[in-house]
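> Residue numbers (this note's numbering), protein chains in the order written: chain U, 1020 to 1191; chain E, 30 to 89.
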Amino acid sequence: MGGVFERLEQALIVIGAMKEEGVIADYAIGGAIAAMFYVEPILTYDLDVFILLPKTQTTVVTLSPIYEYVRNRGYDVRDEHINVEGIPVQMIPAYNPLVEEAVAEAAEMTYGCTTIRVLRAEHLVAIMLQTGRPKDRERMAQFLDVADMDVGSLTTVLFRHGLERKWQEFQR
Amino acid sequence: MDDRRDDQLPEWAQKMFRAKAQRRRRLAGLPIEEKVRILGDLQELADAIRAIAGRPKRQP
């Protein structure tokens, strides 16, 4: 197994292949790894991936095809995490309109030699605001301090998803 | 007697925090590849602290 840089790239390649092969409709990197594209390095051990699932006849959300796909490629699935080269990857189906929009409008970025999709800073902040855990609030402060954000775009996203009041409370 | 209010930090401490903020901004501007290498170092450091504290190693 290589260093974290190489192992993360391998995990990103596997996720990209899932999209190419139609196992998922789309994806975007979220969580601490996404945040690191905009702020300083953050200690984390896992890779959160927000996904849009292919349209089916049923409304039941199942990750079974994803788990089957990775198992067929020799990777383990444990406690809802896929272990790719020692990187625990959590696939999180978009669970509300904000996250769906965030995945659909994600930015294409390059990691090593791989093109990947990463949540935009404005959507990350909106999701952190909506989630509202202590670590989200701490990370939001980091974003406001150092991230290069489009304030107009952030305001629009917050308004569209009814988060203006939470935002005002956070800024106090 | 020192007449500073509790919410006023001494100048040396303010300078230290300013330097810390500058360092964070500099780190934020690094390429993602470099940040992930730093993440690897942070994970090793955190694992070493866990070991010293007698906590079990994180399982991938």
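By construction, the Cβ of each residue, glycine as well, lies at the ideal position given by its N, Cα and C atoms.
Under 8 angstroms: do the stretch 1030-1047 of chain U and the stretch 74-89 of chain E share three or more Cβ pairs, one atom per stretch?
The stretch 1030-1047 of chain U vs the stretch 74-89 of chain E: no contact.
> Which residues, in chain order, does the stretch 1155-1178 of chain U contribute to contact with chain E at a C-beta distance below 8 angstroms?
Result list: Gln1161, Asp1164, Val1165 and Ala1166.
> Using a Cβ cut-off of 9 angstroms, pull out every chain E residue sitting near Leu1062 (chain U), in sequence order please.
Those within 9 angstroms of Leu1062 (chain U) in chain E are Leu68, Leu71, Gln72, Leu74 and Ala75.
> For the ligand MG, is there a heavy atom less than 7 angstroms away from the beta-carbon of Ala1140 (chain U)?
Within the structure as shown, the ligand MG is missing, as the structure has no ligands at all.
> Please tell me whether Arg47 (chain E) has its Cβ less than 8 angstroms away from any Cβ of chain U.
Not one chain U Cβ lies under 8 angstroms of Arg47 (chain E).
> Counting only the same chain and skipping the five closest in sequence on each side, list residues whose C-beta sits under 6 angstroms from that of Pro1107 (chain U).
Only Asp1065 and His1100 meet the Cβ criterion.
> State the DSSP-derived secondary structure class of Met30 (chain E), mapped to helix, strand or coil.
Note on Met30 (chain E): pLDDT 49, under 50, position unreliable in the model; the coordinate value appears next. Met30 (chain E) falls in the coil class under three-state DSSP.
> Taking the alpha carbon of Lys1154 (chain U) as the reference point, which residue from U:Val1170, U:Ala1030 and U:Ala1051 has its own alpha carbon closest?
The option with the nearest alpha carbon to Lys1154 (chain U) is U:Ala1051.
> Looking only at C-alpha atoms, which of U:Ala1047, U:Phe1056 and U:Tyr1046 sits nearest to Gly58 (chain E)?
Ranking the options by Cα distance to Gly58 (chain E), first place goes to U:Phe1056.
> Is there a Cβ from chain E that is less than 8 angstroms from the Cβ of Glu1059 (chain U)?
Yes, contact with chain E.
> Give a yes or no on contact between the stretch 51-68 of chain E and the stretch 1157-1173 of chain U, applying the rule of three or more CB pairs nearer than 8 angstroms.
Taking 8 angstroms as the limit for Cβ pairs, the verdict is that the stretch 1157-1173 of chain U does touch the stretch 51-68 of chain E.
> Report yes if the C-beta distance between Pro1060 (chain U) and Leu74 (chain E) is below 8 angstroms; otherwise report no.
In this structure, Leu74 (chain E) does not lie closer than 8 angstroms to Pro1060 (chain U) by Cβ.
> Assign Ala77 (chain E) to one of two classes, buried (16 or more other C-beta atoms within 10 Å of its C-beta) or exposed (fewer than that).
Exposed: under 16 other Cβ atoms inside 10 Å.
> Going residue by residue through the stretch 1066-1099 of chain U, where are the continuous alpha helix (DSSP H) segments of at least 4 residues, counting only ones entirely within it?
Taking only runs of at least 4 residues, the alpha helix (DSSP H) segments lying wholly in the stretch 1066-1099 of chain U are 1083-1091.
> Applying the 10 Å Cβ sphere with the 16-neighbour rule, what's the burial state of Arg1158 (chain U)?
Arg1158 (chain U) comes out buried.
> Tyr1046 (chain U) and Val1144 (chain U): beta carbons closer than 8 angstroms?
No, the pair does not count as a contact, with Cβ atoms beyond the cut-off.
> Looking at the structure shown, is Pro1060 (chain U) part of a helix, part of a strand, or coil, going by DSSP?
Three-state DSSP puts Pro1060 (chain U) in coil, outside helix and strand.
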